[in-house]
Amino acid sequence: MIPTNRSLVPLSLKRRAAMQAIADVEQKSARRIYCAEYPYARAFFRFLMGSKRVTLKEVRVFCPWLQESDFRGRKQSWLRAIDILIVSAGEHCPLPLSGYEVWDIFPEKRFQQTERQ
Numbered sequence: 582m583i584p585t586n587r588s589l590v591p592l593s594l595k596r597r598a599a600m601q602a603i604a605d606v607e608q609k610s611a612r613r614i615y616c617a618e619y620p621y622a623r624a625f626f627r628f629l630m631g632s633k634r635v636t637l638k639e640v641r642v643f644c645p646w647l648q649e650s651d652f653r654g655r656k657q658s659w660l661r662a663i664d665i666l667i668v669s670a671g672e673h674c675p676l677p678l679s680g681y682e683v684w685d686i687f688p689e690k691r692f693q694q695t696e697r698q
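Quick note on the working numbering: the sequence shown kicks off at 582 and runs consecutively.
Dropping the structure here:
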């Protein structure tokens with residue numbers, strides 16, 4: 582076990598939030614605590630933005646160039662995609678996310694993909 586004073590901390594805030602979200606949800610499921618719909622996505626945004634409620638402002642972290650009108654009525658699909666991305670640790674990236682989000686949150690996946698080509 583690595584002592585806390587020598588542990589590795591990711592520099593990317595998104596990466597750190599994803600790792601904390603995975604650990605948090607796994608702890609809750611081990612203790613059999615109820616988790617709401619899309620627990621990984623909600624925990625990710627809680628650690629990244631500090632808000633318990635996920636709004637379109639938080640979802641825009643993934644695609645800041647999109648307008649609010651592009652997100653209308655699609656919040657659930659974005660949360661589902663983000664949840665799947667975090668659960669699979671970057672293995673699966675469903676639409677509407679792009680591959681750049683995978684590389685941003687899980688940079689080791691970019692290395693794996695380029696090495697296999």
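Note that the Cβ used here is the ideal one computed from N, Cα and C, for glycine as well.
The structure displayed is predicted, hence computed values, not measured ones.
In summary, Arg623 is buried, with 16 or more beta-carbon neighbours lying within 10 Å of its beta-carbon over all protein chains present. Between the segment 645-660 and the segment 602-612 there are fewer than three C-beta pairs closer than 8 Å, too few to call the two in contact. Tyr615 and Val606 have their alpha carbons spaced roughly 10 Å apart. Of the other Cβ atoms in all chains shown, fewer than 16 fall within 10 Å of the Cβ of Ala617; this residue is therefore exposed. Fully enclosed alpha helix (DSSP H) runs of no fewer than 4 residues occupy 656-668 and 680-686 of the segment 651-688, in order along the chain. For Val640, the CB contacts under 7 Å within the same chain, skipping 5 residues up- and downstream, are Phe652, Lys656 and Trp659 in chain order. Here the alpha carbons of Lys633 and Cys674 stand approximately 24 Å from one another. Taking a 10 Å sphere around the C-beta of Leu594, we find fewer than 16 other C-beta atoms and assign the residue as exposed.
Distance from Arg596 to Ile686 at the Cβ level is roughly 6 Å; contact confirmed, criterion being Cβ atoms closer than 8 Å. Short of 7 Å from the beta carbon of Arg627, and not among the five residues preceding or following it, lie these beta carbons of its own chain, in chain order: Lys633.
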